[in-house]
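Residue numbers (the UniProt record's numbering): 1 to 307.
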């Protein structure tokens, strides 16, 4: 019997537009694989809608709050609808950058020096010596991220804006120079390592992530073999330490610049990595010989409750 898959997309977070693109790409691929697909733009009535629809599987293509933080996962558990990606606890943990750092560090995964502070405190003084990075605790896709340069005399005054919408607590991390790397875990295996460069030479922000041609992906990353393997090993350790399931993607900084520290640190683990036409996980899977259709089919077949 053909499985009925509800693709959960859109949603209520700042990453809604990215999720709509991820969801549509996955829905089309699932239809091409022979599944019966219903697209659901998630709103606050999603529980009632799913209860009425009763799909065989929920394909979670949501990003950000309510979709990546354990909320939708809890609804699906209550409805006993098998779903893709990580479960309630792992999703909530991976989304909270400060809590995830604690777990990763305890598992032996290197992270940048950092601390959690109140937003207005971070606007009054440099809480770390510049350069450093200001990150909201529970956002993705670089929303609300501010890079404070080494020569910046004053802390970022954007934090005092009345329309600041990224929370009152922030993670401040030392800036690690060098290269941006990422590695996907699919199932219980780490796949290829990608080096990511913003096409304009700047930092890997929202536009670089999602605009066509916004970034350059080097796959496989040009690294010494032991470094490449270390990235893969750390991605798998991070995935397991947080309790992730299905697909995750771990982002790194690696400072191999002339006179650099040689430091390799994990920036974050994405439990709901993007699945758009410019996304990294489909590209990494393709490099390993897995088509986009095969990837989403595997994700549906891997779906379960109690994840």
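Every residue gets a Cβ at the ideal spot worked out from N, C-alpha and C, and that includes glycine.
In the structure shown, the three-state DSSP call for residue 132 is strand. Your pair residue 240 and residue 87 does not check out as a contact, with CB atoms roughly 13 Å apart and the cut at 8 Å. About 6 Å separates the CB atoms of residue 97 and residue 268; that is less than 8 Å, so the two are in contact.
Between residue 263 and residue 251, the beta carbon gap of about 14 Å keeps them out of contact (Cβ cut-off 8 Å).
Annotated three-state conformation of residue 80 is coil, per DSSP. Straight-line spacing of the CA atoms in residue 221 and residue 181 works out to 8 Å. Annotation: residue 46 to residue 165 spans about 24 Å, alpha carbon to alpha carbon. By the criterion of a C-beta distance shorter than 7 Å, residue 85 is surrounded in its chain by 60, 245, 246, 247, 271, 272, once the five residues flanking it on both sides are discounted.
Within the same chain, Cβ atoms closer than 8 Å to the Cβ of residue 280 are found at 182, 184, 194, 196, 217, 249, 273, 274, the five residues on either side in sequence being excluded. Comparing alpha carbon positions, the residue from 41, 82, 283, 122 closest to residue 154 is 122. Counted as a single uninterrupted DSSP element, the beta strand (DSSP E) harbouring residue 192 occupies residues 189–198. If you draw a straight line from the Cα of residue 3 to the Cα of residue 52, it comes to about 16 Å.
Rounded to whole angstroms, the separation of the alpha carbons of residue 305 and residue 83 is 6 Å. Annotation: residue 35 to residue 294 spans about 12 Å, alpha carbon to alpha carbon. Residue 191 sits close to residue 287, with the two beta carbons spaced by under 9 Å. The residue from 19, 116, 144 with its alpha-carbon nearest to that of residue 174 is 116.
In this structure, residue 136 places its C-beta atom within 9 Å of the C-beta atom of residue 171.
Put simply, the backbone Cα of residue 297 is about 28 Å away from that of residue 139.
The three-state secondary structure of residue 40, taken from DSSP, is strand. The C-alpha of residue 229 is placed about 30 Å away from the C-alpha of residue 64.
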